[in-house]
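Please read the structure below before turning to the comments.
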Amino acid sequence: MLDQRHKFERFKALHSQDRAFVIPNPWDAGSARLLASLGFEALATTSAGYAFSKGKRDSFAGLERGEILDNAAEIVAATDLPVSADLEDGFGSAPETCAETIRLACAVGLVGGSIEDATGDASHPIYDFSQSVERVHAAAEAAGKLPFLLTARAENFLWDKPDLDDTIKRLQAFSAAGADVLYAPGLPNLDAIRTVCAAVDKPVNVVMGLRGPTYSVAELSDAGVRRVSVGGSFARAALGALMRAAEEVRNTGTFEYASDALPAKVVAELMSPDKPNERH
Numbered sequence: 038m039l040d041q042r043h044k045f046e047r048f049k050a051l052h053s054q055d056r057a058f059v060i061p062n063p064w065d066a067g068s069a070r071l072l073a074s075l076g077f078e079a080l081a082t083t084s085a086g087y088a089f090s091k092g093k094r095d096s097f098a099g100l101e102r103g104e105i106l107d108n109a110a111e112i113v114a115a116t117d118l119p120v121s122a123d124l125e126d127g128f129g130s131a132p133e134t135c136a137e138t139i140r141l142a143c144a145v146g147l148v149g150g151s152i153e154d155a156t157g158d159a160s161h162p163i164y165d166f167s168q169s170v171e172r173v174h175a176a177a178e179a180a181g182k183l184p185f186l187l188t189a190r191a192e193n194f195l196w197d198k199p200d201l202d203d204t205i206k207r208l209q210a211f212s213a214a215g216a217d218v219l220y221a222p223g224l225p226n227l228d229a230i231r232t233v234c235a236a237v238d239k240p241v242n243v244v245m246g247l248r249g250p251t252y253s254v255a256e257l258s259d260a261g262v263r264r265v266s267v268g269g270s271f272a273r274a275a276l277g278a279l280m281r282a283a284e285e286v287r288n289t290g291t292f293e294y295a296s297d298a299l300p301a302k303v304v305a306e307l308m309s310p311d312k313p314n315e316r317h
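Everything in the sequence shown is counted per my numbering, starting at 38 for the first residue and increasing by one.
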């Protein structure tokens, strides 16, 4: 297995390319192994995909820091690829809580992670500007002492606050506070993406597959994007395939879905051959 420092350097270098790379989002060790087999260069966890696998909604109230980091640790252990994590709002409003989350994330083998400015409170969905910047600054100070690349997220467009100027202001401040990568999920179109990329001095992550228009990796690269993630959309695609298969069996009594399933031999080759030390 590659050591954490080596993974970090590989991950950091990916952001310095003159084109975008795709960082897909597995939700468990098995999906991580499958994605790694396809030649992706790094992986990122998804709080949504993990929540769905546990029968929970993707929400601050439904997911605890410990279980998110346990899930991340399983994904880290499943491949040699660098892994970044969705660390939600840092699991607390205080800057020091964000910093501690970064330290704990690095301790489980992660080489990157994101802190967002959403509060989880529908009545006040986005942290005030000054507090948002303080939280990113604390996280960046912690990350700067570790092999860890910090992504700072401005969540306006996911919380019915389509204010591009404020989003750019926040991203610029997050960059000045020490964030390595900037991310504003939910931007409405390619022009907005291009505007954000031109307005900041750090690599920009864009998420595809959620809602609204989609663009190719080539189009996003031309707009200035340097990293493309898919959030929980791969997990939802897998759930969609499961639902279609189950509906076919339930409604028609047929099993044609099996022709699209991965062969058991292929799956077995991708999974760990490790066995328990003892069997009773």
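For glycine and all other residues, C-beta sits at the position ideal for the given N, C-alpha and C.
Quick caveat: nothing in here was measured; it's all calculated off a predicted structure.
Query, Result
"DSSP three-state assignment for L187, whether helix, strand or coil", "strand"
"Bridge-paired residues (DSSP) for F58", "R264"
"Stretch pair the segment 109-119 + the segment 288-306: three plus CB contacts closer than 8 Å", "no"
"Exposed unless 16 or more other CB atoms sit within 10 angstroms - verdict on F166", "exposed"
"Three-way DSSP call (helix, strand, coil) for E46 in this model", "helix"
"Residue burial classification, D202 (beta-carbon count within 10 angstroms, cutoff 16)", "exposed"
"Neighbour-count burial assignment, V233, 16 or more Cβ in a 10 Å radius", "buried"
"Cross-strand partners of G150 (DSSP beta bridge)", "A122 and L187"
"The segment 62-81 in contact with the segment 170-187 per 3-pair CB rule at 8 Å", "no"
"For L80, the residue or residues it bridges with in DSSP", "V120"
"Segment limits, alpha helix (DSSP H) that includes V113", "R102 to A115"
"Beta carbon of F48 nearer than 8 Å to that of P119", "yes"
"Cβ separation of V148 and K44, assumed to be a contact under 8 Å, to the nearest whole Å", "5 Å"
"For V243, the three-state DSSP class (helix, strand or coil)", "strand"
"Contacting residues, own chain, Cβ-Cβ under 6 Å from A73 (five flanking each side not counted)", "T116 and L118"
"Interface flag, S167 vs chain C, CB-CB below 8 Å", "Of the chains in the structure shown, none is chain C; there is only one protein chain."
"For L141, the first and last residue of its enclosing alpha helix (DSSP H)", "P132 to A144"
"Through-space distance from W64 to S90, alpha-carbon basis", "8 Å"
"Buried or exposed (CB count within 10 angstroms, at least 16 for buried), R345", "The first residue shown for the chain is 38 and the last is 317, placing residue 345 beyond what the model contains."
"Helix, strand or coil at L224 [DSSP, three-state]", "coil"
"Exposure label - V303; buried when at least 16 CB within 10 Å", "exposed"
"Buried or exposed by the 16-neighbour rule on C-beta atoms within 10 Å, applied to T251", "exposed"
"Nearest residue (CA-CA) to L195, options A235, E153, A213 and Q41", "E153"
"Other residues of its chain near A122: CB distance less than 8 Å, five sequence neighbours each side excluded", "A81, T82, I105, L106, A109, A142, L147, G149, G150 and S151"
"Residues of its chain near S258, where Cβ-Cβ distance is below 6 Å and the 5 sequence neighbours each way are ignored", "R56 and A57"
"Chain-order list of residues whose beta-carbon lies under 6 Å from that of S96 (same chain, five-residue window excluded)", "none"
"N288: first and last residue of the uninterrupted alpha helix (DSSP H) it sits in", "S270 to T289"
"Helix, strand or coil at A155 according to DSSP, with G and I counted as helix", "strand"
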